[in-house]
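Undergrad: Right, I'll just put the structure down here and ask away after.
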Amino acid sequence: MKTILQLAGLCLLSGAATAHAQTLLSIPFDSDDDLQHFVAPVDELVVEPVFDNQRCLVIGGDVDARALKPIGVQRLQKYKLIIRAAVDDSDTVETNDRLPEILAKNGGKSFAACQLTFFDNDGEETSFLLYGRIRMRTDHISIISGQLHEFVSVFYAPPEAETLQLKLLPRGRKVWIDEIVLERETSEGTVNGNPDFRYGKFNLSGWDPGSEGRLYVRSDGATVLKCGTSGGSSFFAVDDQARYSFHCKGKGYSKTAGKVTVSFYDLTGKDLGYTHLFWDRDMEEGTTKTGIKPPPGAKLAMLKSSRLILEKVMVTQDTPATD
């Protein structure tokens, strides 16, 4: 039986309400009443028993896209989106073991997906900036399993974000959705998202493995990230008055030494510099560097990695920010 989490906000939520809510949205798709979360029209959507008589939202392959009502979010707050879903497709995780590589290369643009779009206070689309240009690092969720599977994305809301809208994109395939949950991310214990790739090989959560890189499951069952020549994380929030610790574990795989660095930016995406963290030779048993203070004006950071098989990169705040 599906756990029904506390519903919060069928449409726009106030900033104050969002600040105290752990779960912003939870749709169990137990009945047609759950269709009220969608922007009209909903006449082509249906909730019916599938998969051993379990009720799911069913979206036909002839439906172009269906958007949910906007949800209020806090700027630079860390969130987790969970979608339990399946797709009727010839190319799924059950039939193609190269899907992680394909997803890493094309971002899943050809697969059924849930798209995340942020809007500012004026109702205009907004995202993160880097060097003054749009840099959309809140990746959509690709639905690539023929059986119900939990897909997860951890992300930060951009600096100007007021609302988030989810849009389901079947892309010519029938899609079944068992549950959608959006919540404040509080369980990872880190500032950065998906620090140890705990969500499995199909959930990058903003990590970009770069050329020749991908998530994969090692022989011991651990999911690790092959970084390629220029991998990295999505943006995460920092405070220039605080200090941070960085814990990394991984190993190199190239004759050229692998490394991990952290780059810092202001809210406009201006590059404020970087700090070298570790070479591959220092990381095999796991190592930590503490007391790193972002440069003045830094509000965002991004991890960058190369030529490594990463097990974890965990960023935590050492001390509260001071005036």
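Numbering (mature numbering (1 follows the signal peptide of the UniProt record, and there is no 0)) for the sequence shown: -21 to -1, 1 to 302.
Glycine included, each C-beta is placed from N, C-alpha and C at the ideal position.
#1: Which class does residue 33 belong to by DSSP, given the choice of helix, strand or coil?
#2: Check whether the region 184 to 203 touches the region 248 to 262, counting contact only when three or more Cβ pairs, one atom from each stretch, lie closer than 8 Å.
#3: Can you give, in chain order, each stretch of the beta strand (DSSP E) that sits fully within the region 7 to 31 and has at least 3 residues?
#4: Round the Cβ separation of residue 267 and residue 225 to the nearest angstrom and send it over; I've been treating them as touching at under 8 Å.
#5: What residues match up with residue 97 in a beta bridge as DSSP calls it?
#6: For the beta strand (DSSP E) holding residue 195, just list the boundary residues, first then last.
#7: How big is the Cα-Cα spacing for residue 52 and residue 285?
#8: Along the chain, where does the beta strand (DSSP E) containing residue 233 start, and where does it finish?
#9: Going straight from the alpha carbon of residue 307 to that of residue 29, what length do you get?
#10: What is the rounded straight-line gap between the Cα of residue 16 and the Cα of residue 76?
#11: Looking at C-alpha atoms only, which residue of 244, 249, 63 and 189 is the closest neighbour of residue 316?
#12: For the beta strand (DSSP E) containing residue 135, list its first residue and its last residue.
#13: Flag this pair as touching only if the region 182 to 191 and the region 153 to 170 have three or more C-beta atom pairs under 8 Å; answer yes or no.
#14: Given 8 Å as the limit, is there contact between the region 116 to 131 and the region 87 to 105, that is, 3 or more CB pairs closer than that?
#15: Report buried or exposed for residue 294, applying the criterion of at least 16 other Cβ atoms within 10 angstroms of its Cβ.
#16: For residue -1, which of helix, strand or coil comes out of DSSP?
#17: Measuring CA to CA, which of 207, 178 and 221 is closest to residue 200?
TA: Reading from the atomic positions:
#1: As a first step, residue 33 is located in the sequence shown; it is residue number 54 there, counting from the start. Strand at residue 33.
#2: Too few Cβ pairs lie closer than 8 Å, so no.
#3: Fully enclosed beta strand (DSSP E) runs of 3 or longer: 24 to 29.
#4: In the sequence shown, the residue the question calls residue 267 occupies position 288. In the sequence shown, the residue the question calls residue 225 occupies position 246. At roughly 7 Å, the Cβ-Cβ gap stays under 8 Å, so residue 267 and residue 225 are in contact.
#5: Here residue 97 refers to the residue found at position 118 of the sequence shown. In the DSSP output, where bridge partners are listed per residue, residue 97 has 105 and 143.
#6: By 1-based counting over the sequence shown, the position of residue 195 is 216. In the DSSP assignment, residue 195 falls within the beta strand (DSSP E) that extends over 193 to 196.
#7: Taking the sequence shown and counting its residues from 1, the one referred to as residue 52 is at position 73. Taking the sequence shown and counting its residues from 1, the one referred to as residue 285 is at position 306. It is roughly 33 Å from the alpha-carbon of residue 52 to the alpha-carbon of residue 285.
#8: Translated into positions along the sequence shown, residue 233 becomes position 254. The continuous stretches of beta strand (DSSP E) do not include residue 233, and DSSP gives it neither H nor E.
#9: Here the chain covers residues -21 to 302 and nothing more, so residue 307 does not appear.
#10: Indexing the sequence shown from 1 puts residue 16 at position 37. Indexing the sequence shown from 1 puts residue 76 at position 97. Going by the C-alpha atoms only, they are around 35 Å apart.
#11: The question about residue 316 has no answer here: the residues shown for the chain are numbered -21 through 302.
#12: One-based indexing of the sequence shown puts residue 135 at position 156. Looking at the DSSP string, the run of the beta strand (DSSP E) that includes residue 135 is 128 to 135.
#13: When C-beta atoms of the region 182 to 191 are compared with those of the region 153 to 170, fewer than three pairs fall below 8 Å, so the two segments do not count as touching.
#14: Yes, they touch.
#15: In the sequence shown, counting from the first residue as 1, residue 294 sits at position 315. Buried, by the Cβ-count rule.
#16: Walking along the sequence shown from the start, residue -1 turns up at place 21. With a pLDDT of 43 at residue -1, under the threshold of 50, the modelled position of that residue is not reliable, and no figure is offered here.
#17: Here residue 200 refers to the residue found at position 221 when the sequence shown is read from its first residue. Among 207, 178 and 221, the Cα nearest to that of residue 200 is on 178.
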